[in-house]
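Novice: Protein chains in written order, with our numbering: chain A, 100 to 424; chain B, 100 to 424. Note that the Cβ used here is the ideal one computed from N, Cα and C, for glycine as well. Could you have a look at this structure, given as structure tokens, before my questions?
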């Protein structure tokens, strides 16, 4: 009564835990998962591609990182609304040759992420393919009326970001250049391989009700800020000097390395971008549980994005972040 | 402020409708969708791969069929629990060359499925790839405690299936052989290209509370019945003569065409398989809204699958349905 796909599903379910967590009425092994939403809460639903060749490289990215990151980046969309990721569906398509050691290492990274993020496997779909194809759906929850959308920014609001921008992009550049073993422990490489969605900060922002809009930075500040502004029908002025940029050790500095470019256009940081009414701005701390928070500019009525450079020189802030097309 | 991916998302949202349907607090265009589950209902969550080369062929399957079927087959998993599909996330990865006419035709087929199934777009993810990659997540709802699982079959229960089995597989064989135009209107080809998930029957079975277990037939009876039996810890005896088989016009009969094989192992029918206590069996009609329902055998304590052939000869019913591995 056993088939290849069924064996694979059992392996996944076994590695990722089969105990039924809160809110899950039925998990892996039936036609679908059954969730029992709590009264007074809404369900946040999001999905994310994670494809070999586009989002990661089989020979550069350790399988543990692929497992961690496919869940972390989908969970980041839940953080971006202020919610809690609770359950996920794993859609995994693999070459048959990778269903042994590679899959074990992938699942160990994914299992670590499920524990870290408090997000449990509820189901999924597996099949065979030439390349590694991953799609993760995360179902989260948030108290009714608390979700922070992209569309609420008003002229005059101040713009905040968490963390330092461009770190993950620099990590990727180092990873592409060298052997993994040499770079694995550098913070930028770690941030690229094992990003931490800003769940605690997102929850805090939503609970306090102090942000007018919020989103996560997955494709780069220049591209994502343009999306937030488009959704809100506003523009923005950003001061280049105030953007928290990746810090590069002197020994690693190269002439061609432009940290402002990295911070503006580098993807995969999974930091939070949010806007706050000026009267509420003093409630935003300079750091939240060790994570720095910076005010980088303000929302404008005029629907353009402006970057203020050295000496007050203004230029258009053009979206040059990640775009697959 | 525009990027390629954003334009694609706008096109999808425009074609599939942007009005906010019931239960959806926030749809396309933010980090995630927000669902507002109704009190007393549970959320059914399922996802399904639909990949070029594995599940459909670019030169054989019209784009409208790809659009229809990617949603219909995921919705079938919701029908299999007795629920109502309400919202879906579309994860779509395409070669750039297909973002014009192919995408338009794909979206028109998908839009038709959303109207037919009452299932609205709530979000998704788009990216670029060499092959067409699709993953659909469907969120459905069902009154608390009403979902019909795979795991409730008991020895003595009678086994029912809807429709005729093997039709979609025969349709695929014809499609592979000939030019699409010549075959498009044959019922078997239509069933393969535009399957109808059995939502009304699934809902009826769940509401009446008459089934001990239920699932949909996506990979073939021999494989799916083995899964239902494994989940329930039971076996089954199936009478070959009682399986409702695809009907082949005399002009199309070939010596090598074995309709019993097609009915046992052909995939993609999306009919329902369910089991009923003998005392309840008289409540199952011979047809439900024009769809025939057949009793094909019974559940046994002994955990084997047995096929009873001509003259009462018994043989093992081996799972020979679709398995990607």
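Along chain B, which residues have their Cβ under 7 angstroms away from the Cβ of residue 284 of chain A?
Specialist: The premise fails here: residue 284 of chain A is roughly 30 angstroms from chain B at the closest Cβ pair, so nothing lies under 7 angstroms.
Novice: Looking only at C-alpha atoms, which of B/143, B/339, B/302 sits nearest to residue 387 of chain B?
Specialist: Residue 387 of chain B has its Cα closest to that of B/302, out of B/143, B/339, B/302.
Novice: From this set, B/215, B/297, B/196, which residue's C-alpha is nearest residue 392 of chain B's C-alpha?
Specialist: B/297
Novice: Tell me which same chain residues have a C-beta within less than 8 angstroms of the C-beta of residue 341 of chain B, skipping the five on either side of it?
Specialist: 393, 394, 395, 396
Novice: Which of the three DSSP states, helix, strand or coil, is assigned to residue 394 of chain A?
Specialist: strand
Novice: Take residue 124 of chain B and list the residues in its own chain whose beta-carbon comes closer than 6 angstroms to its own, dropping the five residues that flank it on each side.
Specialist: 133, 135
Novice: Using the beta-carbon of each residue, which ones in chain A are nearer than 7 angstroms to residue 131 of chain B?
Specialist: 143, 144, 145, 176, 177, 180
Novice: I need the boundaries of the beta strand (DSSP E) containing residue 234 of chain A, first residue and last residue.
Specialist: 232 to 242
Novice: When the distance is taken between beta carbons, is residue 168 of chain B closer than 8 angstroms to residue 292 of chain B?
Specialist: Yes, these two residues count as a Cβ contact at 8 angstroms.
Novice: Please list the residues of the region 292 to 318 of chain B that have a C-beta atom closer than 7 angstroms to any C-beta atom in chain A, keeping them in chain order.
Specialist: Taking 7 angstroms as the Cβ-Cβ cut-off against chain A, the residues of the region 292 to 318 of chain B that qualify are 314, 315.
Novice: Helix, strand or coil for residue 149 of chain A, going by three-state DSSP, please let me know.
Specialist: strand
Novice: Taking only beta-carbon atoms, is residue 256 of chain B less than 8 angstroms away from chain A?
Specialist: no
Novice: Kindly indicate the opening and closing residues of the beta strand (DSSP E) around residue 261 of chain A.
Specialist: 257 to 261
Novice: Strictly below 8 angstroms CB to CB, what residues from chain A border residue 185 of chain B?
Specialist: Within 8 angstroms Cβ-Cβ: nothing; residue 185 of chain B doesn't reach chain A, min ~11 angstroms.
Novice: Compare the C-beta of residue 423 of chain A against all C-beta atoms of chain B and say whether one is closer than 8 angstroms.
Specialist: With 8 angstroms as the cut-off, residue 423 of chain A counts as an interface residue toward chain B.
Novice: Quick check on residue 161 of chain A - is its C-beta less than 8 angstroms from some C-beta in chain B?
Specialist: no
Novice: Is residue 343 of chain B closer than 8 angstroms to residue 263 of chain B when the C-beta atoms are compared?
Specialist: In terms of Cβ geometry, residue 263 of chain B and residue 343 of chain B form a close pair [threshold 8 angstroms].
Novice: Would you kindly check if the distance between the Cβ of residue 265 of chain A and the Cβ of residue 49 of chain A is under 8 angstroms?
Specialist: One cannot answer for residue 49 of chain A here, as it falls past the ends of chain A, which runs 100 to 424.
Novice: My guess is that residue 190 of chain A and residue 371 of chain A are in contact by the Cβ rule of under 8 angstroms, so how many angstroms apart are they, rounded?
Specialist: That pair is no contact at about 26 angstroms.
Novice: For residue 205 of chain B, I'd like the list of residues in its chain whose CB is within less than 6 angstroms of its CB, leaving aside the five on either flank, ordered along the chain.
Specialist: 162, 165, 166
Novice: Tell me the rounded alpha-carbon separation between residue 217 of chain B and residue 183 of chain B.
Specialist: In a straight line, the C-alpha of residue 217 of chain B is about 8 angstroms away from that of residue 183 of chain B.
Novice: Can you list the residues of chain B that residue 414 of chain A reaches, using a CB-CB cut of under 7 angstroms?
Specialist: In chain order: nothing, as chain B lies at least about 15 angstroms away.
Novice: Classify residue 290 of chain A as buried or exposed, calling it buried when 16 or more other Cβ atoms lie within 10 Å of its own Cβ.
Specialist: buried
Novice: Determine which residues share a DSSP beta bridge with residue 190 of chain B and list them.
Specialist: B/224, B/234
Novice: Following the continuous alpha helix (DSSP H) through residue 349 of chain B, name the residue where it begins and the one where it ends.
Specialist: Counting along the chain, residue 349 of chain B falls outside any alpha helix (DSSP H), and DSSP gives it neither H nor E.
Novice: Any beta carbon from chain B within less than 8 angstroms of residue 228 of chain A's own beta carbon?
Specialist: yes
Novice: Nearest by alpha-carbon distance to residue 405 of chain A: which of A/384, A/225, A/195, A/415 is it?
Specialist: A/415
Novice: Determine the DSSP secondary structure at residue 334 of chain A, reduced to helix, strand or coil.
Specialist: strand
Novice: Could you give the DSSP three-state label for residue 375 of chain A: helix, strand or coil?
Specialist: strand
Novice: With a threshold of 8 angstroms between beta carbons, is residue 195 of chain A in contact with chain B?
Specialist: yes
Novice: Counting along the chain, where does the beta strand (DSSP E) carrying residue 198 of chain B start and finish?
Specialist: That residue, residue 198 of chain B, is in no beta strand (DSSP E); it is neither H nor E in DSSP.
Novice: When DSSP labels each residue in this structure, what does residue 100 of chain A get in the three-state scheme?
Specialist: Reliability of the predicted coordinates at residue 100 of chain A is poor, the pLDDT of 38 falling under 50, and no value is obtained from them.
Novice: Along chain A, in chain order, which residues have C-beta atoms closer than 9 angstroms to that of residue 341 of chain B?
Specialist: The contacting residues do not exist; residue 341 of chain B stays about 21 angstroms from chain A at best.
Novice: Using a Cβ-Cβ distance cut-off of 8 angstroms, determine whether residue 372 of chain B contacts chain A.
Specialist: No, because no Cβ of chain A sits closer than 8 angstroms to the Cβ of residue 372 of chain B.
Novice: Which stretch, first to last residue, makes up the beta strand (DSSP E) that contains residue 315 of chain B?
Specialist: 310 to 316
Novice: With three or more beta-carbon pairs closer than 8 angstroms as the criterion, would you say the region 219 to 228 of chain B touches the region 150 to 157 of chain A?
Specialist: yes
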